[in-house]
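Numbering-wise, the sequence shown is residues 16 to 298 according to the working numbering. Glycine included, C-beta positions come from ideal geometry on N, C-alpha and C. Below is one structure; the comments refer to it alone.
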Amino acid sequence: MHCNEVEQQLGPYVDGELSPVDREALQCHLESCASCQAELAELNELVSRIANPGSVAVPEQLWESIEQELHHADARPHRRKRPVRLRATGWAIAAGLVLAVGLGLFGLSTLDTPAKASTVDFGVLLDALPLDAQKAFRKFLVRYDGKPTTPVAAKRIASELNFDTPSELPGGFRLQSVYELRIGGAKGIAAAYDRDGEFLAAVFHPPMRHERFGSHENYPCVIGQHCGHKVQVGEWKLVHLTDPTTCHCLLSRLNEQTEIPAVMAAIAPKISEGDALDSHGRP
16 MHCNEVEQQL GPYVDGELSP VDREALQCHL ESCASCQAEL AELNELVSRI
66 ANPGSVAVPE QLWESIEQEL HHADARPHRR KRPVRLRATG WAIAAGLVLA
116 VGLGLFGLST LDTPAKASTV DFGVLLDALP LDAQKAFRKF LVRYDGKPTT
166 PVAAKRIASE LNFDTPSELP GGFRLQSVYE LRIGGAKGIA AAYDRDGEFL
216 AAVFHPPMRH ERFGSHENYP CVIGQHCGHK VQVGEWKLVH LTDPTTCHCL
266 LSRLNEQTEI PAVMAAIAPK ISEGDALDSH GRP
């Protein structure tokens, strides 16, 4: 199963509505996918919060105001007056308050809040990297709604970012595809390259408050004359170089001293020595 399929079935899974076959397939996917595990944990937490919303403090004036409103309604012409029985309707009001709280929690959890929009999760890419780099990259694209585009359109879509997707990179990597990404409320761009079967990918997005790397360690590194950071999984490296507008992320097996600087200069053509920021967003 793919992540987008799993995300659509997590609700029925939690509710116990999946068939045994679908349930087994989903559980098999969850065992090896940290991103979907996180989605399931969030969904379970949401269900728990809705089921147990806690007590709601009722203002002292509420019952009096409701009684007055009902009294005025009964006093209007052409309506038969009837006695007000607040106790009989108290459960319905309380149920309405619980429902309102539950719906409020659900709405907050499904919208792109600032906290979610300020985070990019590379764990979904890194966790699957040892098995197949290209499949891991496609999984990342699915996670962030990747849509095919062109190099020219990418410049227009993410005009505030400093990046380039040349048809060929130093070392002979040729451009295969470009994608538009949606990371929270921000636009991003991704590009895939190939050199005689060797895969390389670049991702560009606005600087985020947090970058998640799953269980993988993030280390500082030097790329040419710039301070950056990297995550290494086997022979693969995810290298980041950030300027005030853009985080340039390069996934490759290239040497960070002898090969990556030239590639990074090609995909981040406007970056200067004074512009580079470290992994904490500092010059």
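Exercise for review: May I ask which residues mark the beginning and end of the alpha helix (DSSP H) holding H231?
Suggested key: Run containing H231: none; DSSP gives neither H nor E here.
Practice item. With a 10 Å radius around its C-beta and 16 neighbouring C-beta atoms as the bar for buried, classify G203 as buried or exposed. Key: buried
Exercise for review: Evaluate L269 with the Cβ neighbour count: other Cβ atoms within 10 Å of its Cβ, from every protein chain shown; 16 or more gives buried, anything less gives exposed.
Suggested key: buried
Check your understanding: Taking C-alpha atoms, which residue in L184, L58, V21 and G229 lies nearest to Y207?
Key -> Contrary to the premise, residue 207 reads as Ala rather than Tyr in this sequence. Taking only the C-alpha atoms, the option nearest A207 is L184.
Review point. What did DSSP end up calling C48 once you bin it into helix, strand or coil?
Key: coil
Practice item. Mind reading off the beta-carbon distance from I275 to N177? Whole number of angstroms is fine, and I expect it under 8 Å. Key: Not quite, the Cβ-Cβ distance comes to about 17 Å (not below 8 Å), so this is no contact.
Review point. In angstroms, rounded to a whole number, what distance separates the CA positions of Q247 and E271?
Key: 11 Å
Point to revise | Inter-residue CB distance, K162 and Y194 (contact presumed, cutoff 8 Å) | key: 6 Å
Practice item. Run the CB neighbour count on A277, radius 10 Å, all protein chains shown included, and call it buried at 16 or more, exposed below. Key: exposed
**Study point:** G239 - containing beta strand (DSSP E), residue span
**Key:** Where G239 is concerned, there is no enclosing beta strand (DSSP E), given that its DSSP letter is neither H nor E.
Practice item. Following the continuous alpha helix (DSSP H) through R158, name the residue where it begins and the one where it ends. Key: A148 to R158
Review point. When you compare only the Cα positions, how much space is there between D179 and S192?
Key: 13 Å
Check your understanding: Which of the three DSSP states, helix, strand or coil, is assigned to S34?
Key -> coil
Check your understanding: Measuring CA to CA, which of G31, V139 and G26 is closest to H231?
Key -> V139
Practice item. Return yes when the Cβ of A205 is within less than 8 Å of the Cβ of L156, no when it is not. Key: yes
Exercise for review: Can you tell me which of the three DSSP states P163 falls into?
Suggested key: strand
Practice item. Please say whether G186 and R153 have beta carbons closer to each other than 8 Å? Key: no
**Study point:** Option in T260, L25, A49 and L41 with minimal Cα separation from N59
**Key:** L25
Check your understanding: Of all the options L190, L253 and P166, which has the alpha carbon lying nearest to the alpha carbon of L141?
Key -> L253
Check your understanding: Can you name the start and end residues of the beta strand (DSSP E) that A201 belongs to?
Key -> A201 to R210
Practice item. Enumerate in chain order the residues of its own chain whose CB-to-CB distance from R197 is below 8 Å, with the five nearest sequence positions on each side excluded. Key: Y159, D160 and G203
Point to revise | S267 (DSSP reduced to helix, strand or coil) | key: strand
Check your understanding: For D258, is the classification buried or exposed, using 16 other Cβ atoms within 10 angstroms of its Cβ as the cut-off for buried?
Key -> buried
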